[in-house]
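Here the structure comes first, spelled out in structure tokens, and everything after it is commentary.
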Amino acid sequence: MEQDDAKRRAEDQKPSLDMRSNKKEITGKCEICYANDARFICIKCGRKVCSSCYFNIIGLCQKCVSKDTVERWKGRAPDWEKVLGIEWVD
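The sequence shown lines up with residues 974 to 1063 when you count with this note's numbering.
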């Protein structure tokens, strides 16, 4: 009986793969940087993280992505004028 209860609790704590249907409210600070408000839940480890510590395109936090990938993506802001071959109009 205790084993069933423990298994049920573990299932309840698993993050949902579809974050839109996840009813769990995200509150508190980011569990990685502790500076920003948490806005996402990592689909691998379940950490509550901010947008700076989360890779939205793959649904993983910085801790669950390889250091090499983090270094390549962090601070990388493409020059969209060059990429798209257009000029912004104000």
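Backbone N, C-alpha and C fix where the C-beta goes; we use that ideal spot for every residue, glycine too.
- In this structure Val1056 is exposed. Its beta-carbon is surrounded by fewer than 16 other beta-carbon atoms within 10 angstroms.
- Out of Glu1044, Asp1041, Arg1012 and Glu998, the CA that lies nearest to the CA of Gly1032 is found in Arg1012.
- Separation of the CB atoms of Asn1009 and Lys1002 is rounded to 7 Å, and the pair is thereby assigned contact status at 8 Å.
- When the alpha-carbon of Lys1040 is set against those of Gly1019, Thr1000 and Cys1026, the nearest one is in Cys1026.
- With contacts defined by Cβ atoms closer than 9 Å, Ile1014 and Ile999 form a contacting pair.
- DSSP places Lys1002 in the strand class (E or B) of the three-state scheme.
- DSSP, read as helix, strand or coil, puts Asp1052 in coil.
- Per DSSP, the beta bridge partners of Val1022 are Phe1013.
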